[in-house]
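Participant:
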Amino acid sequence: MYVARSLALFVVAALFEIGGAWLVWQGVREHKGWIWVGAGVIALGLYGFAATLQPDGQFGRILAAYGGVFVAGSILWGVVADGYRPDRYDLTGASICLIGMAVLMFAPRGH
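Counting in the numbering used here, the sequence shown runs from 23 upward without gaps.
Next comes the structure, spelled out in structure tokens:
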């Protein structure tokens, strides 16, 4: 249950953070307006809240591990939302980041 909850919260956090950043990008860079920017800012705030719900209580570990999810999620978001075509190095790098996330979060620590 611990692993499933943690992974689900990482996915929720990624949707809020990456989605929020994308909304701000669309509002500013693609000239879609301040409503898009405002929605992005709200989503980014919700990301911060979602991260606090992780079952592990170590802020540094959570944010470091989330970095791996962010890297892989950003590539996936680019594929879905912007038609980005990752190459084998993008996919390899994202895989390494996800392995790092798993080591940080789920390695046996004996406590």
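For glycine and all other residues, C-beta sits at the position ideal for the given N, C-alpha and C.
It should be emphasised that the depicted structure is a prediction, and the values quoted were computed from it without experimental measurement.
Kindly provide the ranges of any alpha helix (DSSP H) runs that are 4 or more residues long and lie completely inside the segment 47-83, ordered along the chain.
Facilitator: Those alpha helix (DSSP H) runs which fall completely within the segment 47-83 and span 4+ residues are 56-74.
Participant: I'd like the span of the alpha helix (DSSP H) that includes A124, first residue to last.
Facilitator: Run containing A124: 110-128, per the alpha helix (DSSP H) assignment.
Participant: In whole angstroms, what separates the C-alpha of L29 from that of G89?
Facilitator: Rounded to whole angstroms, L29 to G89 spans 13 Å at the Cα level.
Participant: Given G55, which residues of its chain have a CB within under 8 Å of its CB, disregarding the five upstream and five downstream residues?
Facilitator: Cβ neighbours of G55 beyond the five flanking positions: G49.
Participant: Please say whether A73 and I84 have beta carbons closer to each other than 7 Å?
Facilitator: Result yes, Cβ atoms of I84 and A73 sit closer than 7 Å.
Participant: Kindly examine the ligand GTP and report whether one of its heavy atoms sits closer than 6 Å to the Cβ of A26.
Facilitator: Looking at this structure, you won't find the ligand GTP or any other ligand, since it has none at all.
Participant: Just checking, does the segment 36-53 make contact with the segment 95-105 on the three C-beta pairs under 8 Å criterion?
Facilitator: Yes, the segment 36-53 touches the segment 95-105.
Participant: Could you give the distance in angstroms between the alpha-carbon of M23 and the alpha-carbon of G95?
Facilitator: The straight-line gap from Cα to Cα measures roughly 22 Å.
Participant: DSSP three-state label for Y106, please.
Facilitator: Note: Y106 maps to coil in three-state DSSP.
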